[in-house]
Structure formats: C-alpha cells, structure tokens
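Participant: Below is the structure I would like to discuss, written out as structure tokens.
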Amino acid sequence: MHTDRELAGYIKSLMPSQKASVNRDKPVSIWKELDRIGGSVEDTIVVIFRTRGCSWYNFSSCSMCGYFNDIDSTVTKENLLRQVDVLSNSLNGIKVVKVFTSGSFLDPLEIPLDVRSYFLDSMNGRIDHLLVESRTEYLNEKNIGALGNYGYRIRVAIGLESSNDSVITNSINKGSSYSKYVTAATTARKLGFGVRTYLLFKPPFYSEKFAIEDMLSSIRDTDGYSDDVSVNPMNIQKNTLVEHLWKKNLYRPPRLWSLARILLDSRKPGRTVISYPTGGNHERGVHNNDYDRKLLDLIVSSSLNQDFSELEEYYNSADLSSYNEDIELEDRLPSGIDVDLLSRRSISYSQVI
Ligand code: SF4
Numbered sequence: 086m087h088t089d090r091e092l093a094g095y096i097k098s099l100m101p102s103q104k105a106s107v108n109r110d111k112p113v114s115i116w117k118e119l120d121r122i123g124g125s126v127e128d129t130i131v132v133i134f135r136t137r138g139c140s141w142y143n144f145s146s147c148s149m150c151g152y153f154n155d156i157d158s159t160v161t162k163e164n165l166l167r168q169v170d171v172l173s174n175s176l177n178g179i180k181v182v183k184v185f186t187s188g189s190f191l192d193p194l195e196i197p198l199d200v201r202s203y204f205l206d207s208m209n210g211r212i213d214h215l216l217v218e219s220r221t222e223y224l225n226e227k228n229i230g231a232l233g234n235y236g237y238r239i240r241v242a243i244g245l246e247s248s249n250d251s252v253i254t255n256s257i258n259k260g261s262s263y264s265k266y267v268t269a270a271t272t273a274r275k276l277g278f279g280v281r282t283y284l285l286f287k288p289p290f291y292s293e294k295f296a297i298e299d300m301l302s303s304i305r306d307t308d309g310y311s312d313d314v315s316v317n318p319m320n321i322q323k324n325t326l327v328e329h330l331w332k333k334n335l336y337r338p339p340r341l342w343s344l345a346r347i348l349l350d351s352r353k354p355g356r357t358v359i360s361y362p363t364g365g366n367h368e369r370g371v372h373n374n375d376y377d378r379k380l381l382d383l384i385v386s387s388s389l390n391q392d393f394s395e396l397e398e399y400y401n402s403a404d405l406s407s408y409n410e411d412i413e414l415e416d417r418l419p420s421g422i423d424v425d426l427l428s429r430r431s432i433s434y435s436q437v438i
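Structural data, given as structure tokens:
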C-alpha cells in the first residue's frame, strides 16, 4: 500500500463521527444534467446512493473527499434495493445513467452482489449507457468478469487523480498508484467496459503552476487506457484536509484561466478531455479573482461539444497579465498560500513565511 501513515491518520482525525436521522430508503440525491458518454451530448440522470461508504474510510480518506458526510453505516441491503426502485421510477425515458455511491459501486461490501444484479437488471432495456465509479482494487476479473452482458454499455470511472505517485501518496492520500490504475483500466477495457478517468486539478501542498503541468502530464499518461478524461478542479468539501488548509489561508482553489489552459493545451486527435466544474465561480470552487460566468460556461459547453474554438478565442483575447503574476508568485511561496488573500489584506510575505 502506497500511504503516508502520518498524513492518513491526520485526515482521519478530521472526519466527523457518524451522523444520524437520514432516510435510508432514498438516495442522497437524484438530478438531471448533460454529459457525452455515448459520444454526443445527452440528458443524463445522476444518482448518489446512500451507502455505508468507501472502504478507504475505514482507514482514512482522500484529502479532498467529503463524501463521508453522506454515508450511513446502518444502511441495509433492503434500503439499497428501495433506493434502486426510486431511481428506476425517476428515469423518465432518459437513456444515460451515472451512479455515484460515496465510494465504489463495484465494492461488494458497499453494494452487495445481489443488489448490484438487481440494479443492473432493472436498467436493462431502459438505458443505453451506464457510468459507475470504482476504486482500482475492485476492477479485477473475479469481481467484474461476471457482470454479464447487458443491453447497454457500462463505463467505469476511476479516480486516478494524478499519474504522479508522489502526488497520489503525499498530497491526495489515495492509497493507490499509477500502476494500479493501469492494471485496473486495462482489465476493464479487456472485459469490454469503457473507462473514464478522473484527475484532480490542484491537490494540496502544490502550486497552481505545478498542478497545471501535473494535469497535462497525467492526461498524456492516460492515453490508451481511457475513453475520456474528466479534469476535476478542486471543490472544497466539509471536514477535509483541504478545507482545513483553506481556512488557514494555506490553500486557494484553482483559477478558471488555468482550467481553460489545460483544456486547450491537452487537445489531441482521438483524446477526449472534459471538465464540468462543481462549485465553479464560488470561493470553494474553481474561480478567477473576478467573477467570470462566460468563461465557466465556455469550459462546460466546449467539454460537452468537444469544440474548443470559442473558448480559445475568449482565452486569447483576455489580458492574463495579473493571472500570470499570481500563479508565478504562488509558485515561489510555500504550500500554495492564497496570494489573492495576501494582496487583498496587504499582508507582507514575511508575516506568513
Ligand atoms: S476513493 Fe473516492 S470515495 Fe473513497 S475517499 Fe477517495 S475520493 Fe472519497
């Protein structure tokens, strides 16, 4: 296991003890959004099933992950079956479904095998594409080889986050590695599944300049293993290490200009890179110093359509001098200190270093 035990223990100490009083028969949330899993833009139903949560929570958590805020260790198989029924009744003819679980859909302890079968059967004949998420350890032939042939395509989303093992271990605390991702993705594709790779843009303890390069090299390192790559800019979630650093002004979420740059610089024929930022233009999510609705909209629309010409035009016509100064300055400061905050409060560097 690739783990910094001290970091893992600290992250664990920030996780709250179990909460109570939720309806275990209902998913955490269901909503409709657009995605392009089938190669064109389509309405998609997204569900978050309430489960006992990610197996990694037993030991620690990823440094940015706050999904443990939605779990319930008392969720039973019957609760899960009823949650599946709620989803089944919510499709309304929509042919693409994405399933999130605050963990791994393919973890048999989180989603028991008979619940998995019930769910997969209930989608048969009703949808064209299904996306589920999984940690790498569950993507082996024994666990997914018997998933069966359904009348729809299944894409598995894997949280690689970065192809740099030092980032994976010392910043994200993923308890995984690039080589485990390669093995898992290769197995999934060999068995006929599609793969979506999640990358985390701007993990803690690194500058934005480093994080941009990390995304570009990580995208290159997924070539041949993934049908598409989703660049997920940091969105600060409650009770996480990242929130802890952010509250101490030791972390600033990435800037929209940087995300646009990644999308523009990673273009290559045959490669699909997308980004649908959560919390964009808000202080906990990806944002520039000034609110920019148009830039966020262009990032999403170009990801959906895979046409980046308007985004490129907007990017090239902007004055990026102060953005460039900020990320150069941040790169010279320790641990991703929030340079916007420093300039707003006129704090001298000597006070924080
Ligand atoms: S593997 Fe996924 S669900 Fe589990 S702690 Fe990490 S980000 Fe959260």
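Its first residue numbered 86, the sequence shown is counted upward by one per residue in this note's numbering.
Beta carbons are placed, not taken as given, at the ideal position from N, Cα and C, and that holds for glycine.
Excluding five sequence neighbours on each side, which residues of the same chain lie with their C-beta closer than 8 Å to the C-beta of Leu-176?
Facilitator: Ile-130, Val-182, Arg-211, Ile-212
Participant: Can you tell me whether Gly-94 is buried or exposed? The criterion is at least 16 other CB atoms within 10 Å of its CB, across all chains shown.
Facilitator: By the neighbour-count rule (16 or more Cβ atoms within 10 Å), Gly-94 is not buried but exposed.
Participant: Quick check on Glu-368: buried or exposed, where buried means 16 or more other Cβ atoms within 10 Å of its Cβ?
Facilitator: exposed
Participant: Can you give the Cα-Cα distance for Phe-190 and Glu-218, rounded to whole angstroms?
Facilitator: 6 Å
Participant: For the ligand SF4, is there a heavy atom less than 6 Å away from the beta-carbon of Gly-151?
Facilitator: no
Participant: Touch check for the region 384 to 400 and the region 358 to 366: three-plus C-beta pairs under 8 Å?
Facilitator: yes
Participant: Is the Cβ-Cβ distance between Ala-242 and Tyr-283 less than 7 Å?
Facilitator: yes
Participant: CB-CB under 6 Å to Val-113, same chain, minus the five flanking residues each way: which ones, in chain order?
Facilitator: Answer for Val-113: Ile-133, Arg-135, Asp-155, listed in chain order.
Participant: Take Ser-268 as the anchor and find which of Arg-167, Tyr-223, Ser-292, Ser-303 has the nearest alpha-carbon.
Facilitator: Contrary to the premise, residue 268 reads as Thr rather than Ser in this sequence. Nearest C-alpha to Thr-268: Tyr-223.
Participant: Is the beta carbon of Met-149 sitting closer than 7 Å to the one on Val-314?
Facilitator: no
Participant: Quick check: Leu-355 and Gly-364, are their CB atoms within less than 7 Å of each other?
Facilitator: The residue you asked about is not Leu; residue 355 is Gly in the sequence shown. The Cβ atoms of Gly-355 and Gly-364 do not sit closer than 7 Å to each other.
Participant: May I ask you to report which of helix, strand or coil DSSP gives His-214?
Facilitator: strand
Participant: What are the residues that DSSP puts in a beta bridge with Ala-242?
Facilitator: Glu-218, Arg-281
Participant: Give the DSSP-derived three-state secondary structure of Asn-317 in the structure shown.
Facilitator: Here Asn-317 carries a strand assignment [DSSP, helix/strand/coil].
Participant: Use the C-beta contact count for Gly-440: other C-beta atoms within 10 angstroms, 16 or more gives buried, fewer gives exposed.
Facilitator: Given a span of 86 to 438 for the chain in the structure shown, any question on residue 440 remains unanswerable.
Participant: So the candidates are Tyr-142, Thr-161, Lys-162, Met-208; which of them puts its Cα closest to the Cα of Phe-153?
Facilitator: Tyr-142
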